[in-house]
Amino acid sequence: MPKRIFGLETEYGLLINQERPEHSPSWIAHRLRDHIFQVQQRGVLDLHHRGHDEPPGNGGFLTNAGRICVDMGHLEFASPECGTLVDLVASDRAGDQLLQKAIQMLDLSDHVSLIKNNIDHETDATFGSHENYLVTRSFPFTRRGLGTLIPFLVTRQIFTGAGRVGTSSTQEAWVQQGSLIVPRPGLRDADNRSQIPYQISQRADHIVNDFFEWVQGNRAIVNTRDEPLADPNRFRRIHLLLGDSNMAEVATALKIGTTALVLQLIEERHAPSGLELLEPVEALQEISRDQQRAWLVTLETGKTISAIDLQEQYLEAVRRHCRGQDEETDWVLKEWESVLTDLRGDYANVVGRVDWASKLWLLETFREEEGLDWDDPWLKSLDLEYHNLHPQRGLFFALQEQGRSEERR
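This is the structure:
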(Lines of atoms letter the chains of each structure in order from A and count residues from 1; the text may use other names and numbers.)
(Lines give C-alpha, C1' and ligand atoms only; values in the text may rest on other atoms or scores of the structure.)
Protein backbone atom coordinates (compact mmCIF):
# COMPACT_ATOMS: atom_id res chain seq x y z
CA MET A 1 0.00 0.00 0.00
CA PRO A 2 1.16 3.61 -0.49
CA LYS A 3 2.69 5.25 2.55
CA ARG A 4 -0.25 5.75 4.92
CA ILE A 5 -1.04 5.01 8.56
CA PHE A 6 -4.30 3.23 9.36
CA GLY A 7 -5.80 1.32 12.27
CA LEU A 8 -8.89 -0.24 13.82
CA GLU A 9 -10.72 0.31 17.12
CA THR A 10 -12.82 -2.70 18.09
CA GLU A 11 -15.42 -2.78 20.87
CA TYR A 12 -16.31 -6.29 22.02
CA GLY A 13 -19.49 -7.77 23.39
CA LEU A 14 -19.35 -9.89 26.54
CA LEU A 15 -22.01 -12.58 26.87
CA ILE A 16 -22.43 -13.70 30.48
CA ASN A 17 -23.84 -17.10 31.42
CA GLN A 18 -27.22 -16.67 33.14
CA GLU A 19 -25.97 -18.85 36.00
CA ARG A 20 -23.60 -16.01 36.99
CA PRO A 21 -25.85 -12.92 37.05
CA GLU A 22 -23.49 -11.17 39.49
CA HIS A 23 -20.92 -10.92 36.70
CA SER A 24 -21.95 -7.87 34.68
CA PRO A 25 -20.26 -7.21 31.32
CA SER A 26 -18.72 -4.03 32.74
CA TRP A 27 -17.27 -5.90 35.73
CA ILE A 28 -15.80 -8.55 33.43
CA ALA A 29 -14.35 -5.86 31.13
CA HIS A 30 -12.53 -4.20 34.03
CA ARG A 31 -11.26 -7.54 35.32
CA LEU A 32 -9.86 -8.52 31.92
CA ARG A 33 -8.15 -5.15 31.52
CA ASP A 34 -6.58 -5.41 34.98
CA HIS A 35 -5.40 -8.97 34.34
CA ILE A 36 -3.71 -8.04 31.06
CA PHE A 37 -1.86 -5.05 32.51
CA GLN A 38 -1.28 -6.02 36.14
CA VAL A 39 -0.87 -9.80 36.00
CA GLN A 40 0.33 -10.54 32.47
CA GLN A 41 2.14 -7.18 32.38
CA ARG A 42 1.49 -6.75 28.65
CA GLY A 43 1.76 -2.98 28.84
CA VAL A 44 1.42 0.12 31.00
CA LEU A 45 -1.77 1.70 32.33
CA ASP A 46 -2.34 5.43 31.92
CA LEU A 47 -1.16 7.52 34.87
CA HIS A 48 -3.13 10.64 33.94
CA HIS A 49 -6.51 11.65 32.58
CA ARG A 50 -6.83 11.25 28.80
CA GLY A 51 -10.13 13.11 28.77
CA HIS A 52 -13.06 13.93 30.99
CA ASP A 53 -14.45 10.42 30.50
CA GLU A 54 -11.15 8.52 30.72
CA PRO A 55 -9.56 8.71 34.18
CA PRO A 56 -6.13 7.32 35.11
CA GLY A 57 -6.04 3.53 34.92
CA ASN A 58 -9.02 3.23 32.58
CA GLY A 59 -6.78 1.94 29.83
CA GLY A 60 -3.22 1.68 28.69
CA PHE A 61 -0.79 0.94 25.89
CA LEU A 62 0.43 -2.55 25.11
CA THR A 63 3.98 -3.58 24.26
CA ASN A 64 2.91 -4.05 20.62
CA ALA A 65 1.78 -0.36 20.54
CA GLY A 66 -1.89 -1.32 20.64
CA ARG A 67 -4.24 -0.07 23.33
CA ILE A 68 -6.85 -1.63 25.62
CA CYS A 69 -9.40 0.42 27.54
CA VAL A 70 -12.95 0.28 28.84
CA ASP A 71 -15.18 2.59 26.80
CA MET A 72 -18.67 3.14 28.23
CA GLY A 73 -18.58 -0.33 29.77
CA HIS A 74 -17.29 -2.01 26.61
CA LEU A 75 -13.88 -3.60 26.35
CA GLU A 76 -12.03 -1.95 23.47
CA PHE A 77 -8.85 -2.89 21.64
CA ALA A 78 -7.22 -0.33 19.37
CA SER A 79 -4.66 -1.70 16.95
CA PRO A 80 -1.22 -0.13 16.63
CA GLU A 81 -0.81 2.40 13.85
CA CYS A 82 -0.09 0.18 10.85
CA GLY A 83 1.39 0.82 7.44
CA THR A 84 0.64 -2.51 5.77
CA LEU A 85 -2.43 -4.73 5.54
CA VAL A 86 -0.44 -7.71 6.81
CA ASP A 87 0.44 -5.79 9.98
CA LEU A 88 -3.13 -4.55 10.39
CA VAL A 89 -4.72 -8.00 10.10
CA ALA A 90 -2.08 -9.52 12.37
CA SER A 91 -2.64 -6.80 14.99
CA ASP A 92 -6.40 -7.21 14.79
CA ARG A 93 -6.11 -10.95 15.38
CA ALA A 94 -3.57 -10.40 18.17
CA GLY A 95 -6.09 -8.23 20.01
CA ASP A 96 -8.76 -10.93 19.70
CA GLN A 97 -6.42 -13.61 20.99
CA LEU A 98 -5.02 -11.52 23.84
CA LEU A 99 -8.49 -10.90 25.26
CA GLN A 100 -9.69 -14.47 24.71
CA LYS A 101 -6.55 -15.80 26.40
CA ALA A 102 -7.18 -13.56 29.41
CA ILE A 103 -10.66 -15.06 29.80
CA GLN A 104 -9.17 -18.55 29.79
CA MET A 105 -6.40 -17.62 32.24
CA LEU A 106 -9.02 -16.23 34.63
CA ASP A 107 -10.94 -19.51 34.33
CA LEU A 108 -14.00 -17.67 33.01
CA SER A 109 -14.48 -19.58 29.75
CA ASP A 110 -17.50 -21.49 31.05
CA HIS A 111 -19.23 -18.28 32.12
CA VAL A 112 -18.12 -15.57 29.67
CA SER A 113 -18.06 -15.44 25.87
CA LEU A 114 -16.09 -12.76 24.04
CA ILE A 115 -18.19 -11.71 21.04
CA LYS A 116 -16.67 -9.72 18.16
CA ASN A 117 -19.84 -8.26 16.71
CA ASN A 118 -21.64 -4.90 16.69
CA ILE A 119 -25.16 -5.41 18.03
CA ASP A 120 -27.07 -6.64 21.07
CA HIS A 121 -30.23 -8.38 19.91
CA GLU A 122 -31.91 -7.90 23.28
CA THR A 123 -31.28 -4.22 24.00
CA ASP A 124 -30.78 -2.85 20.45
CA ALA A 125 -27.44 -1.43 21.58
CA THR A 126 -24.61 -1.17 19.11
CA PHE A 127 -20.85 -1.12 19.60
CA GLY A 128 -18.38 -0.07 17.01
CA SER A 129 -15.58 -1.10 14.75
CA HIS A 130 -14.06 2.27 13.94
CA GLU A 131 -11.54 2.79 11.16
CA ASN A 132 -8.86 5.47 11.09
CA TYR A 133 -6.87 6.66 8.08
CA LEU A 134 -4.24 9.38 8.08
CA VAL A 135 -4.55 11.79 5.15
CA THR A 136 -2.80 15.01 4.25
CA ARG A 137 -4.17 18.29 5.57
CA SER A 138 -4.88 19.25 1.94
CA PHE A 139 -7.38 16.38 1.64
CA PRO A 140 -10.70 17.91 0.45
CA PHE A 141 -12.52 17.41 3.75
CA THR A 142 -15.71 19.17 2.69
CA ARG A 143 -19.18 17.92 1.88
CA ARG A 144 -18.34 18.25 -1.80
CA GLY A 145 -14.93 16.65 -1.45
CA LEU A 146 -16.21 13.75 0.63
CA GLY A 147 -19.08 13.31 -1.80
CA THR A 148 -16.81 11.11 -3.91
CA LEU A 149 -15.95 8.91 -0.91
CA ILE A 150 -19.49 8.36 0.40
CA PRO A 151 -20.81 6.24 -2.53
CA PHE A 152 -17.89 3.85 -2.12
CA LEU A 153 -18.40 3.58 1.65
CA VAL A 154 -22.15 3.04 1.39
CA THR A 155 -21.80 0.22 -1.14
CA ARG A 156 -18.70 -1.58 0.15
CA GLN A 157 -20.88 -3.42 2.70
CA ILE A 158 -21.60 -6.00 0.00
CA PHE A 159 -18.18 -7.48 0.79
CA THR A 160 -17.38 -5.98 4.22
CA GLY A 161 -20.70 -6.54 6.03
CA ALA A 162 -20.85 -9.04 8.89
CA GLY A 163 -24.57 -9.83 8.55
CA ARG A 164 -27.28 -9.99 11.20
CA VAL A 165 -30.65 -11.58 11.91
CA GLY A 166 -33.55 -9.10 11.94
CA THR A 167 -33.52 -5.32 12.39
CA SER A 168 -33.09 -2.76 15.14
CA SER A 169 -35.67 -0.25 16.29
CA THR A 170 -35.95 3.13 14.56
CA GLN A 171 -33.04 5.42 15.46
CA GLU A 172 -33.41 9.13 16.22
CA ALA A 173 -31.25 11.45 14.13
CA TRP A 174 -30.06 15.04 14.44
CA VAL A 175 -28.38 17.43 12.03
CA GLN A 176 -26.42 20.62 12.51
CA GLN A 177 -27.87 23.78 11.00
CA GLY A 178 -25.54 26.67 11.72
CA SER A 179 -25.03 26.69 15.48
CA LEU A 180 -28.18 24.66 16.15
CA ILE A 181 -28.70 20.90 16.45
CA VAL A 182 -32.15 20.04 15.12
CA PRO A 183 -34.04 16.78 14.46
CA ARG A 184 -33.35 15.26 11.08
CA PRO A 185 -36.41 14.60 8.88
CA GLY A 186 -37.43 10.98 9.14
CA LEU A 187 -35.66 8.44 6.99
CA ARG A 188 -37.69 6.14 4.82
CA ASP A 189 -38.19 3.04 6.94
CA ALA A 190 -39.03 -0.54 6.08
CA ASP A 191 -42.75 -1.03 5.50
CA ASN A 192 -42.73 -4.23 7.54
CA ARG A 193 -39.69 -5.08 9.61
CA SER A 194 -40.88 -8.65 10.10
CA GLN A 195 -40.24 -9.13 6.38
CA ILE A 196 -36.54 -8.43 6.88
CA PRO A 197 -35.24 -11.70 8.30
CA TYR A 198 -31.60 -11.01 7.50
CA GLN A 199 -29.38 -8.04 6.67
CA ILE A 200 -25.86 -7.92 5.29
CA SER A 201 -24.68 -5.14 7.64
CA GLN A 202 -24.88 -4.90 11.42
CA ARG A 203 -24.21 -1.17 11.68
CA ALA A 204 -26.44 0.08 8.85
CA ASP A 205 -29.54 0.40 11.07
CA HIS A 206 -27.57 2.56 13.50
CA ILE A 207 -26.07 5.05 11.01
CA VAL A 208 -28.41 8.03 10.74
CA ASN A 209 -26.29 10.77 9.15
CA ASP A 210 -23.79 11.14 6.36
CA PHE A 211 -21.57 13.64 8.27
CA PHE A 212 -21.62 14.56 11.94
CA GLU A 213 -19.13 15.50 14.64
CA TRP A 214 -20.44 13.39 17.51
CA VAL A 215 -19.82 9.67 17.89
CA GLN A 216 -22.51 8.59 20.34
CA GLY A 217 -26.24 8.68 19.63
CA ASN A 218 -26.10 10.27 16.20
CA ARG A 219 -23.69 8.11 14.26
CA ALA A 220 -22.60 9.26 10.83
CA ILE A 221 -20.91 7.56 7.90
CA VAL A 222 -17.95 9.94 8.37
CA ASN A 223 -17.20 11.47 11.75
CA THR A 224 -16.17 15.07 11.11
CA ARG A 225 -14.36 15.81 14.37
CA ASP A 226 -10.95 17.28 13.53
CA GLU A 227 -8.66 15.28 15.81
CA PRO A 228 -5.65 14.17 13.75
CA LEU A 229 -3.60 12.69 16.63
CA ALA A 230 -0.63 13.94 14.59
CA ASP A 231 0.80 17.26 13.41
CA PRO A 232 -2.42 19.22 12.68
CA ASN A 233 -0.62 21.42 10.17
CA ARG A 234 0.25 18.43 7.99
CA PHE A 235 -2.39 15.78 8.62
CA ARG A 236 -5.95 14.98 9.48
CA ARG A 237 -7.61 11.71 10.40
CA ILE A 238 -10.51 10.16 8.52
CA HIS A 239 -12.61 8.48 11.22
CA LEU A 240 -15.26 6.05 9.95
CA LEU A 241 -18.09 4.65 12.07
CA LEU A 242 -20.13 2.61 9.60
CA GLY A 243 -18.06 -0.58 9.37
CA ASP A 244 -18.78 -3.98 10.87
CA SER A 245 -16.31 -6.07 12.86
CA ASN A 246 -15.02 -8.82 10.61
CA MET A 247 -14.07 -12.39 11.43
CA ALA A 248 -12.75 -13.21 7.95
CA GLU A 249 -9.21 -11.95 7.41
CA VAL A 250 -9.84 -11.32 3.72
CA ALA A 251 -12.80 -9.10 4.59
CA THR A 252 -10.71 -7.11 7.09
CA ALA A 253 -7.90 -6.62 4.57
CA LEU A 254 -10.29 -5.67 1.77
CA LYS A 255 -12.19 -3.22 3.97
CA ILE A 256 -9.05 -1.32 4.89
CA GLY A 257 -7.20 -1.84 1.60
CA THR A 258 -9.95 -0.71 -0.76
CA THR A 259 -10.77 2.30 1.42
CA ALA A 260 -7.12 3.39 1.61
CA LEU A 261 -6.82 3.18 -2.18
CA VAL A 262 -9.99 5.21 -2.74
CA LEU A 263 -8.59 7.85 -0.36
CA GLN A 264 -5.46 7.89 -2.51
CA LEU A 265 -7.62 8.50 -5.60
CA ILE A 266 -9.29 11.45 -3.89
CA GLU A 267 -5.98 12.92 -2.70
CA GLU A 268 -4.54 12.66 -6.21
CA ARG A 269 -7.74 13.98 -7.84
CA HIS A 270 -8.47 10.76 -9.76
CA ALA A 271 -11.70 9.66 -8.05
CA PRO A 272 -14.61 8.81 -10.38
CA SER A 273 -17.21 11.56 -10.65
CA GLY A 274 -20.97 11.57 -11.11
CA LEU A 275 -21.60 8.81 -8.54
CA GLU A 276 -22.91 10.98 -5.68
CA LEU A 277 -25.90 9.35 -3.97
CA LEU A 278 -29.27 11.05 -3.64
CA GLU A 279 -29.83 9.78 -0.08
CA PRO A 280 -26.69 8.10 1.28
CA VAL A 281 -28.08 7.00 4.65
CA GLU A 282 -31.23 5.52 3.15
CA ALA A 283 -29.13 3.78 0.50
CA LEU A 284 -26.91 2.31 3.22
CA GLN A 285 -29.91 0.82 5.00
CA GLU A 286 -31.75 -0.28 1.88
CA ILE A 287 -28.73 -2.19 0.56
CA SER A 288 -28.38 -3.95 3.90
CA ARG A 289 -32.06 -4.93 4.00
CA ASP A 290 -32.50 -5.94 0.36
CA GLN A 291 -33.63 -9.58 0.49
CA GLN A 292 -33.26 -9.98 -3.29
CA ARG A 293 -29.68 -8.69 -3.15
CA ALA A 294 -30.19 -6.46 -6.19
CA TRP A 295 -28.57 -3.65 -4.14
CA LEU A 296 -29.83 -0.75 -6.27
CA VAL A 297 -29.06 2.85 -5.32
CA THR A 298 -30.24 6.16 -6.76
CA LEU A 299 -27.70 8.81 -7.73
CA GLU A 300 -28.18 12.56 -7.50
CA THR A 301 -28.67 12.53 -11.27
CA GLY A 302 -31.72 10.29 -10.84
CA LYS A 303 -29.96 7.32 -12.40
CA THR A 304 -30.24 3.92 -10.70
CA ILE A 305 -27.16 1.72 -10.43
CA SER A 306 -26.32 -1.48 -8.56
CA ALA A 307 -23.81 -1.49 -5.73
CA ILE A 308 -21.69 -3.98 -7.67
CA ASP A 309 -21.59 -1.76 -10.77
CA LEU A 310 -20.75 1.27 -8.65
CA GLN A 311 -17.96 -0.59 -6.86
CA GLU A 312 -16.57 -1.69 -10.22
CA GLN A 313 -16.23 1.94 -11.27
CA TYR A 314 -14.06 2.60 -8.22
CA LEU A 315 -12.13 -0.60 -8.87
CA GLU A 316 -11.42 0.45 -12.45
CA ALA A 317 -10.27 3.92 -11.34
CA VAL A 318 -7.89 2.39 -8.79
CA ARG A 319 -6.61 -0.11 -11.35
CA ARG A 320 -5.98 2.67 -13.86
CA HIS A 321 -4.03 4.90 -11.47
CA CYS A 322 -2.54 2.62 -8.81
CA ARG A 323 -1.84 -0.79 -10.34
CA GLY A 324 1.75 -1.91 -9.92
CA GLN A 325 2.69 0.59 -7.22
CA ASP A 326 3.35 -2.24 -4.73
CA GLU A 327 2.49 -5.87 -3.97
CA GLU A 328 -0.34 -5.15 -1.53
CA THR A 329 -2.09 -2.81 -3.95
CA ASP A 330 -2.07 -5.52 -6.60
CA TRP A 331 -3.37 -8.06 -4.06
CA VAL A 332 -6.27 -5.73 -3.19
CA LEU A 333 -7.09 -5.20 -6.87
CA LYS A 334 -7.11 -8.94 -7.51
CA GLU A 335 -9.30 -9.79 -4.49
CA TRP A 336 -11.61 -6.81 -5.03
CA GLU A 337 -12.29 -7.86 -8.61
CA SER A 338 -12.72 -11.49 -7.59
CA VAL A 339 -15.26 -10.81 -4.87
CA LEU A 340 -17.33 -8.44 -7.05
CA THR A 341 -17.38 -11.00 -9.86
CA ASP A 342 -18.44 -13.77 -7.49
CA LEU A 343 -21.16 -11.63 -5.91
CA ARG A 344 -22.91 -11.47 -9.28
CA GLY A 345 -23.64 -15.17 -8.83
CA ASP A 346 -24.76 -17.19 -5.82
CA TYR A 347 -23.74 -15.73 -2.46
CA ALA A 348 -22.24 -19.13 -1.59
CA ASN A 349 -19.41 -18.19 -3.97
CA VAL A 350 -17.96 -15.87 -1.32
CA VAL A 351 -18.44 -18.01 1.79
CA GLY A 352 -15.22 -17.88 3.79
CA ARG A 353 -14.25 -14.47 2.42
CA VAL A 354 -17.35 -12.37 3.15
CA ASP A 355 -18.77 -12.61 6.66
CA TRP A 356 -22.43 -11.92 5.90
CA ALA A 357 -22.39 -14.68 3.29
CA SER A 358 -20.63 -17.15 5.56
CA LYS A 359 -23.11 -16.51 8.36
CA LEU A 360 -26.12 -16.69 6.04
CA TRP A 361 -24.91 -20.02 4.65
CA LEU A 362 -24.57 -21.42 8.18
CA LEU A 363 -27.98 -20.11 9.26
CA GLU A 364 -29.75 -21.34 6.13
CA THR A 365 -28.18 -24.78 6.49
CA PHE A 366 -29.22 -25.04 10.13
CA ARG A 367 -32.68 -23.58 9.48
CA GLU A 368 -33.41 -26.15 6.79
CA GLU A 369 -32.13 -29.04 8.90
CA GLU A 370 -34.23 -28.01 11.92
CA GLY A 371 -37.27 -26.65 10.06
CA LEU A 372 -37.04 -23.24 11.72
CA ASP A 373 -38.67 -19.94 10.78
CA TRP A 374 -36.51 -16.83 10.68
CA ASP A 375 -38.11 -15.45 13.84
CA ASP A 376 -36.95 -18.41 15.92
CA PRO A 377 -34.70 -17.07 18.74
CA TRP A 378 -32.33 -19.98 18.13
CA LEU A 379 -31.11 -18.18 15.01
CA LYS A 380 -30.21 -15.05 16.97
CA SER A 381 -28.13 -17.22 19.28
CA LEU A 382 -26.33 -18.73 16.31
CA ASP A 383 -25.83 -15.22 14.92
CA LEU A 384 -23.87 -14.38 18.07
CA GLU A 385 -21.96 -17.66 18.06
CA TYR A 386 -20.54 -16.86 14.62
CA HIS A 387 -18.60 -14.08 16.37
CA ASN A 388 -17.60 -16.06 19.47
CA LEU A 389 -13.81 -15.80 19.78
CA HIS A 390 -13.46 -19.08 21.66
CA PRO A 391 -11.65 -21.26 19.07
CA GLN A 392 -13.62 -24.39 19.98
CA ARG A 393 -17.04 -22.70 20.11
CA GLY A 394 -17.11 -19.94 17.52
CA LEU A 395 -18.93 -20.90 14.32
CA PHE A 396 -16.48 -18.94 12.18
CA PHE A 397 -13.67 -21.15 13.45
CA ALA A 398 -15.74 -24.20 12.56
CA LEU A 399 -15.79 -22.88 8.99
CA GLN A 400 -12.03 -22.53 9.12
CA GLU A 401 -11.66 -26.14 10.26
CA GLN A 402 -13.73 -27.22 7.26
CA GLY A 403 -11.34 -25.31 5.00
CA ARG A 404 -14.00 -22.81 3.93
CA SER A 405 -12.23 -19.67 5.17
CA GLU A 406 -9.31 -17.93 3.49
CA GLU A 407 -6.50 -16.10 5.27
CA ARG A 408 -4.73 -12.94 4.15
CA ARG A 409 -1.19 -14.08 3.30
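Here the sequence shown is numbered in this note's numbering, starting from 1040 and rising by one per residue.
For every residue, glycine included, the Cβ atom is placed at its ideal position computed from N, Cα and C.
Everything numeric in this text was worked out from a predicted model, so none of it was measured.
Query                                                                                                      : Result
Contact under 9 angstroms by Cβ, Asn1248 with Ile1260                                                      : yes
C-beta contact flag for Glu1170 and Ile1305 at 9 angstroms                                                 : no
Length of the line joining the Cα atoms of Tyr1237 and Arg1273                                             : 43 angstroms
Terminal residues of the beta strand (DSSP E) in which Ala1269 lies                                        : Unbroken run through Ala1269: none, as it is neither H nor E.
With 16 other Cβ atoms within 10 Å as the buried cut-off, status of Met1111                                : exposed
Unbroken stretches of the alpha helix (DSSP H), 4 residues or longer, contained in the region 1339 to 1384 : 1346 to 1361 and 1366 to 1382
Assumed close pair Phe1198, Val1378 - CB separation to whole angstroms, cut-off 8 angstroms                : 5 angstroms
Beta-carbon proximity list for Glu1339, same chain, < 6 angstroms, skipping 5 on both sides                : Glu1315 and Leu1317
Helix, strand or coil at Phe1116 according to DSSP, with G and I counted as helix                          : strand
Ile1235 (DSSP reduced to helix, strand or coil)                                                            : coil
Closest Cα partner of Gln1080 within the set His1088, Leu1071 and His1087                                  : Leu1071
Residue burial classification, Ala1333 (beta-carbon count within 10 angstroms, cutoff 16)                  : exposed
Extent of the continuous alpha helix (DSSP H) to which Ile1158 belongs                                     : Counting along the chain, Ile1158 falls outside any alpha helix (DSSP H), and DSSP gives it neither H nor E.
Arg1448 burial status per 10 Å Cβ neighbour count (16 or more: buried)                                     : With a pLDDT of 48 at Arg1448, under the threshold of 50, the modelled position of this residue cannot be trusted, and the question is left open.
Any alpha helix (DSSP H) of 4 or more consecutive residues that is wholly inside the region 1118 to 1150   : 1124 to 1144
DSSP state of Asn1388 mapped onto helix, strand, coil                                                      : helix
Helix, strand or coil at Asp1010 [DSSP, three-state]                                                       : For residue 1010 there is no data in the structure shown, the boundaries of the chain being 1040 and 1448.
Ala1259, enclosing alpha helix (DSSP H) - first and last residue                                           : No alpha helix (DSSP H) contains Ala1259, which is instead part of the beta strand (DSSP E) from Ala1259 to Asn1262.
Gly1296 - DSSP class collapsed to helix/strand/coil                                                        : helix
Assumed close pair Thr1194, Leu1300 - CB separation to whole angstroms, cut-off 8 angstroms                : With 8 angstroms as the limit, Thr1194 and Leu1300 do not qualify as a contact, their Cβ atoms being about 15 angstroms apart.
6 angstroms Cβ shell around Gly1433 - same chain, five flanking residues per side excluded                 : Asn1427
First through last residue of the alpha helix (DSSP H) which encompasses Phe1450                           : No information on residue 1450 is available, as it lies outside the stretch 1040 to 1448 that the chain covers here.
Cα-Cα separation, Ser1327 to Trp1417                                                                       : 22 angstroms
Three-way DSSP call (helix, strand, coil) for Asp1460 in this model                                        : In this structure the chain extends from 1040 to 1448, so residue 1460 is not present and cannot be described.
Of the residues Glu1307, Ser1397 and Leu1323, the one placed nearest Cys1361, counting alpha carbons only  : Glu1307
Closest residue to Pro1267 among Ile1347, Ala1322, Val1083 and Phe1178 (Cα-Cα distance)                    : Phe1178
Three-state secondary structure (DSSP) of Asp1422                                                          : helix
Candidates Leu1293, Ala1164 and Leu1423, of which the one nearest Asn1257 by Cα                            : Ala1164
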